[in-house]
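Comments concern the structure below.
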Amino acid sequence: MEAAIDRIMMTYDLLLNRTAAASAEAREKVTQYVTTLFEAGETDMHRLTVCGLTYLRELDGSSNPVKAGYTGL
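For our numbering, add 3 to where a residue sits in the sequence shown, where the first one is 1.
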């Protein structure tokens, strides 16, 4: 599980340039989320990584086309 969290944070930090405090907050949130998935029975590191990245992108709004700046024009 820790390997998946480290991989999530390494990848997420490459996507966004954030402060150390923001990175620590994101790590805390994704750790709680991945722990929930792991306790529910998900043990595949690759799936945990993808789910964790998706979760962080949902939190920061980068998967939302409107928040990402897409206007449809």
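All residues carry an ideal CB built from backbone N, CA and C; glycine is no exception.
Do residue i and residue j have their CB atoms nearer than 8 Å?
| i | j | result |
| --- | --- | --- |
| valine 53 | methionine 4 | no |
| leucine 56 | threonine 14 | yes |
| methionine 12 | arginine 30 | yes |
| valine 33 | leucine 17 | no |
| alanine 7 | leucine 51 | yes |
Please report the residue range of the alpha helix (DSSP H) in which residue i lies.
| i | result |
| --- | --- |
| arginine 10 | 5-18 |
With H, G and I counted as helix, E and B as strand and the rest as coil, what does DSSP make of residue i?
| i | result |
| --- | --- |
| threonine 52 | helix |
| arginine 60 | helix |
| alanine 43 | coil |
| arginine 30 | helix |
| threonine 38 | helix |
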